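A.B. asks: This is the structure I have questions about; it appears just below.
There are 2 protein chains.
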Amino acid sequence: MANKKNHKSALKENKGVSQPEITNNNSISKLKGKRETQPSANDLINGILKGDITALSRAITLVESKNTKHLEKANTIINACLSKANQSIRIGITGVPGVGKSTFIEAFGKHLTGLGKKVAVLAIDPSSTITKGSILGDKTRMEDLVKDKNAFIRPSASGDSLGGVARKTRETIILCEAAGFDTIIIETVGVGQSEVAVHSMVDFFLLLKLAGAGDELQGIKRGIIEMADAIVINKADGDNIKPAKLAQVEFNRALHFYPLKNSEWQPKVSICSALQNEGITDVWKMICDYETLTKQNNHFDLKRNEQNKFWLIQTIEEQLKSDFFKRSEIKKELKNQLKLIEKNKTTPFIAAEILLKL
Amino acid sequence: MANKKNHKSALKENKGVSQPEITNNNSISKLKGKRETQPSANDLINGILKGDITALSRAITLVESKNTKHLEKANTIINACLSKANQSIRIGITGVPGVGKSTFIEAFGKHLTGLGKKVAVLAIDPSSTITKGSILGDKTRMEDLVKDKNAFIRPSASGDSLGGVARKTRETIILCEAAGFDTIIIETVGVGQSEVAVHSMVDFFLLLKLAGAGDELQGIKRGIIEMADAIVINKADGDNIKPAKLAQVEFNRALHFYPLKNSEWQPKVSICSALQNEGITDVWKMICDYETLTKQNNHFDLKRNEQNKFWLIQTIEEQLKSDFFKRSEIKKELKNQLKLIEKNKTTPFIAAEILLKL
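Residue numbers (our numbering), protein chains in the order written: chain S, 1 to 358; chain H, 1 to 358.
Written out as structure tokens, the structure reads:
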């Protein structure tokens, strides 16, 4: 109980930037004494590479900071960690609120630490860019996993844009990997563009679903099924088992409507009850099969390399656009041109030329 | 026969920029005498607004030109035509080569001119950005439609990029509408990103398919079905009728996997034989139903307005990117940074910062 309470308050405090870390209660922290004196980049690098959770947390706080000096320090640390990163499997998990993501991740994470894995759970929450909230921070969740010394749970970073949040998460992955975490779970909620961002930073993308009344496939956000390497139907317990199995058949059929992926992996549908800890081993086995296949056919590395290129180009393009559209003369003239377009007094192309010449 | 031959040679000649127009043989051209003296923008505007095909063709040639003065003249003409544009239904038609697009468009177009409509057929061909070819220009196609005085057929513009070709097509639509064409058909082949471009400039998007052996739904390019307002299974004649009806059932099921569109239109699947002129009236009836529905619920205008905004932002973004990446110092350093990323010696974000500071 003491542990749980400490965790709660740590999560709450972490919502402000002033509190630099969430410390895992069982972690051995050689840096604790230095907390008030700002450890150097080298201290943090050494700490991370030794698997020290406090050093990892402080480095992530630097990554998430808006202070230019902090960010420079963060870049130094990331650069030093790069050669030790990449030795992991990165798993994206999405699903609408209520699907049981935290219960699933807790059961799944505990299963993995039981196998001797070191598990880091991160989150991308598009709403945090507006509300500065945090999907992992607001509630007491994953109570068992948070006490596990081989697990590290970090609430989602807030930021001004999804791109910014995504960048912080990508860099946090590197730090976690350098600290020895071999299984990285990235959670997101099934709204906004966050799935695309998560899909572009993980090796395996898992869609959590519920069996329910009516047509199972209605209301699935466009494109999500295409991205999924697996669909897992959760809460398959009690009276829900039959509808879950029915949903499994339907989703399996839906997956066949899509062409085979470049990975040569045929997406699978499985059912589980995270609450009753059933079907969890199957999900892990499936991910291991995926890893084996894609490491054999070289798709695993190829995909990571493509993702890196994607983020490079994406970051540049985002910056170019944001630099352009935040100029006050552009803002003013854009409004003007949009009105003219709406009245059929100019074309989008002529309007664009005028704006680009400003 | 004379007409047909003239048309062929007109199409061939038009592949170079030197020949300014394809003239419809039955068109009344008051400008013919002026052909060598470069009609003024005002001459062309007046011609277009009177429905003169030669004036229309010459104006389109200006739109497609790379000469800055031509483009300025084109902009003047477009601006003058804008208030007379927009009075049409714009229909996008896609399908892989061999699906019978030209036979379908010919049968469909003839049906429409029979109803007193004026039909313009344009094309977007992504391969033309590489080969400078043209999907409507290379072959003798639509032999009957081309002789019809209420039809206007224009091969796809070539260009350096899909964005450039799309822009030219968008502007050509405006000119055609100002010339009194009330039904605009935009054809594209089922490769590349051209469907997305066409989808973003039409009111109704139609996917032509064939019934064949095996699973009908395998091999459909991702996202195309989502964009379709209708799937029409062509060549439903003779022994093909049964498989076509089977395919209709399968596609209908597939369409139900997607959430209802903003237009409130439930996409439909129909079968036809363009060769035997069967099922063509049904397709037109379906499009009329769509128009009635979306004009009632205001989605028709809303969509056009959204499309205009999309093209404005799209054009600006494309230009910003192209200006950035064509700089020689960027090209050089990009290669360098990509190598470092591949070797895990930097992150995409740090690399992006370096490039953006150049």
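We put the CB at the ideal spot given by N, CA and C, even for glycine. The structure presented is a predicted model; accordingly, all values stated were derived computationally and were not measured.
Taking its Cβ as the centre, do 16 or more other Cβ atoms sit within 10 Å of K168/H, making it buried, or is it exposed?
C.D. replies: The count along the second sequence starts at 1 and reaches residue 168/H at position 168. Label assigned to K168/H: buried.
A.B. asks: Taking contact to mean at least 3 C-beta pairs separated by less than 8 Å, is the stretch 72-79 of chain S in contact with the stretch 108-115 of chain S?
C.D. replies: Touching, no.
A.B. asks: DSSP three-state call for G92/H: helix, strand or coil?
C.D. replies: For the purposes of this step, residue 92/H is taken as residue 92 along the second sequence, with counting starting at 1. Reduced to three states, the DSSP call for G92/H is strand.
A.B. asks: Exposed or buried, P259/S, counting other C-beta atoms within 10 Å across all chains shown (16 or more means buried)?
C.D. replies: As a first step, residue 259/S is located in the first sequence; it is residue number 259 there, counting from the start. Its Cβ having fewer than 16 others within 10 Å, P259/S is exposed.
A.B. asks: Give me the chain H residues within the contact set of R167/S, using Cβ-Cβ distance strictly less than 8 Å, ordered along the chain.
C.D. replies: Locating residue 167/S in the first sequence gives position 167, where the first residue counts as 1. Going along chain H in sequence order, the residues near R167/S (Cβ under 8 Å) are F349.
A.B. asks: Starting from the Cα of T281/H, find the closest Cα among F324/H, V99/H, I48/H and G114/H and give me that residue.
C.D. replies: Position 281 of the second sequence, counted from the start, is the residue given in the question as residue 281/H. When only C-alpha atoms are compared, the closest one is G114/H.
A.B. asks: Please determine if the stretch 203-211 of chain S and the stretch 224-232 of chain S are in contact, where contact requires at least 3 C-beta pairs separated by less than 8 Å.
C.D. replies: Yes: the two stretches touch, three or more of their Cβ pairs being nearer than 8 Å.
A.B. asks: Could you give the distance in angstroms between the alpha-carbon of I89/H and the alpha-carbon of E353/H?
C.D. replies: Within the second sequence, the letter at position 89 stands for residue 89/H. Within the second sequence, the letter at position 353 stands for residue 353/H. When rounded, the distance between both Cα atoms is 46 Å.
A.B. asks: Does the separation of the CB atoms of V99/S and L210/S fall below 8 Å?
C.D. replies: Translated into the one-based positions of the first sequence, residue 99/S becomes position 99. Translated into the one-based positions of the first sequence, residue 210/S becomes position 210. In contact: V99/S and L210/S (Cβ atoms closer than 8 Å).
A.B. asks: Tell me whether the stretch 67-75 of chain H and the stretch 178-186 of chain H touch, counting them as touching only if at least three CB pairs, one residue from each stretch, are closer than 8 Å.
C.D. replies: Touching, no, given that fewer than three Cβ pairs across the two stretches are closer than 8 Å.
A.B. asks: In terms of alpha-carbon separation, which member of V96/H, K147/H, I241/H and S270/H lies closest to T188/H?
C.D. replies: Stepping through the second sequence from its first residue, residue 188/H is reached at position 188. The candidate whose alpha carbon is nearest that of T188/H is V96/H.
A.B. asks: Can the beta-carbon of L62/H be found closer than 8 Å to that of K73/H?
C.D. replies: Here residue 62/H refers to the residue found at position 62 when the second sequence is read from its first residue. Here residue 73/H refers to the residue found at position 73 when the second sequence is read from its first residue. Yes, these two residues count as a Cβ contact at 8 Å.
A.B. asks: Tell me whether the stretch 304-316 of chain S and the stretch 334-345 of chain H touch, counting them as touching only if at least three CB pairs, one residue from each stretch, are closer than 8 Å.
C.D. replies: Taking 8 Å as the limit for Cβ pairs, the verdict is that the stretch 334-345 of chain H does touch the stretch 304-316 of chain S.
A.B. asks: Taking I225/H and V121/H to be in contact with their CB atoms under 8 Å, please state how far apart those CB atoms are, rounded to whole angstroms.
C.D. replies: Here residue 225/H is taken as the residue at index 225 of the second sequence, counted from 1. Here residue 121/H is taken as the residue at index 121 of the second sequence, counted from 1. Rounded, the Cβ-Cβ distance is 24 Å, inconsistent with contact.
A.B. asks: Quick one: grab the DSSP three-state call for E278/S.
C.D. replies: The sequence position of residue 278/S within the first sequence is 278, counting from 1. If DSSP states are grouped into helix, strand and coil, E278/S belongs with the strands.
A.B. asks: When we look at the beta-carbon of G47/H and count the other beta-carbons within 10 Å, is it buried (16 or more) or exposed?
C.D. replies: Residue mapping note: residue 47/H aligns to position 47 of the second sequence, counting from 1. Buried: at least 16 other Cβ atoms inside 10 Å.
A.B. asks: What does the alpha-carbon distance come out to for the pair Q87/H and I330/S?
C.D. replies: Position 87 of the second sequence, counted from the first residue, corresponds to residue 87/H. Position 330 of the first sequence, counted from the first residue, corresponds to residue 330/S. Computed Cα separation, rounded: 31 Å.
A.B. asks: Determine the contact status of T347/S and I60/H, defining contact as a CB-CB distance below 8 Å.
C.D. replies: The sequence position of residue 347/S within the first sequence is 347, counting from 1. The sequence position of residue 60/H within the second sequence is 60, counting from 1. Against a cut-off of 8 Å, the Cβ pair of I60/H and T347/S comes out as no contact.
A.B. asks: Measure the alpha-carbon distance for S83/H versus I350/S and round it to whole angstroms.
C.D. replies: Counting from one through the second sequence, the residue named residue 83/H turns up at place 83. Counting from one through the first sequence, the residue named residue 350/S turns up at place 350. In a straight line, the C-alpha of S83/H is about 15 Å away from that of I350/S.
A.B. asks: Nearest to W311/S by CA position, among G163/S, W284/S and S270/S, is which residue?
C.D. replies: As a working mapping, residue 311/S is identified with position 311 in the first sequence. Among G163/S, W284/S and S270/S, the Cα nearest to that of W311/S is on G163/S.
A.B. asks: When you compare only the Cα positions, how much space is there between E150/S and K295/S?
C.D. replies: The residue given as residue 150/S occupies position 150 in the first sequence. The residue given as residue 295/S occupies position 295 in the first sequence. The residue you asked about is not Glu; residue 150/S is Asn in the sequence shown. About 25 Å.
A.B. asks: State the Cα-Cα distance for the pair L356/H and G92/S, rounded to the nearest angstrom.
C.D. replies: Your numbering for residue 356/H matches position 356 in the second sequence. Your numbering for residue 92/S matches position 92 in the first sequence. Distance between the alpha carbons of L356/H and G92/S: 30 Å.
A.B. asks: Shortest alpha-carbon distance to E195/S belongs to which of V165/S, I53/S, C176/S and L338/S?
C.D. replies: Here residue 195/S refers to the residue found at position 195 of the first sequence. Minimum Cα distance to E195/S is reached at V165/S.
A.B. asks: Tell me which residues share the same chain as R141/S and place their Cβ nearer than 7 Å to its Cβ, disregarding the 5 neighbours each side in the sequence.
C.D. replies: Looking up residue 141/S in the first sequence gives position 141. Closer than 7 Å at the Cβ level, and outside the excluded window around R141/S, lie S102.
A.B. asks: For L355/S, which residues in chain H fall below 7 Å Cβ to Cβ?
C.D. replies: On the first sequence, position 355 is the one that residue 355/S refers to. Within chain H, the residues near L355/S are I316.
A.B. asks: What separation, rounded to the nearest whole angstrom, lies between the Cα atoms of K147/H and N42/H?
C.D. replies: Reading the second sequence from its first residue, position 147 is the one you call residue 147/H. Reading the second sequence from its first residue, position 42 is the one you call residue 42/H. Distance between the alpha carbons of K147/H and N42/H: 28 Å.
A.B. asks: Who pairs with V119/H in a beta bridge, going by DSSP?
C.D. replies: Position 119 of the second sequence, counted from the start, is the residue given in the question as residue 119/H. Paired residues: A151/H and T183/H.
A.B. asks: Does the Cβ of K235/S have 16 or more other Cβ atoms within 10 Å, making it buried, or fewer, making it exposed?
C.D. replies: Counting from 1 along the first sequence, the entry for residue 235/S is found at position 235. The residue is buried, with at least 16 neighbouring Cβ atoms inside 10 Å.
A.B. asks: Looking only at its own chain, which residues have a Cβ that is under 8 Å from the Cβ of V283/S, when we skip the five neighbours before and after it?
C.D. replies: What you label residue 283/S is simply residue 283 of the first sequence in a count that begins at 1. These residues qualify, in order along the chain: F108, L206, A230, V232, S270 and C272.
A.B. asks: Assign K285/H to one of two classes, buried (16 or more other C-beta atoms within 10 Å of its C-beta) or exposed (fewer than that).
C.D. replies: Locating residue 285/H in the second sequence gives position 285, counting from the first residue. Its Cβ having fewer than 16 others within 10 Å, K285/H is exposed.
A.B. asks: Using the Cα positions of F257/S and L145/H, report the straight-line distance between them to the nearest angstrom.
C.D. replies: For the purposes of this step, residue 257/S is taken as the residue at position 257 of the first sequence. For the purposes of this step, residue 145/H is taken as the residue at position 145 of the second sequence. Those two C-alpha atoms are separated by around 37 Å.
A.B. asks: Three-state secondary structure (DSSP) at T188/S?
C.D. replies: The residue given as residue 188/S occupies position 188 in the first sequence. Here T188/S sits in strand by DSSP.
A.B. asks: Based on the DSSP output, what are the partners of I341/S in its beta bridges?
C.D. replies: Here residue 341/S is taken as the residue at index 341 of the first sequence, counted from 1. DSSP output for I341/S lists no bridge partner at all.
A.B. asks: Helix, strand or coil for T347/H? Go by DSSP, reduced to three states.
C.D. replies: Taking the second sequence and counting its residues from 1, one reaches residue 347/H at position 347. Residue state, collapsed to three classes: coil.
A.B. asks: What are the residues in the stretch 241-255 of chain S lying within 8 Å of chain H by C-beta distance?
C.D. replies: Correct list: A254.
A.B. asks: How long is the line joining the alpha carbons of K309/H and K345/S, rounded to whole angstroms?
C.D. replies: Along the second sequence, read from residue 1 onward, the residue named residue 309/H stands at position 309. Along the first sequence, read from residue 1 onward, the residue named residue 345/S stands at position 345. Distance between the alpha carbons of K309/H and K345/S: 14 Å.
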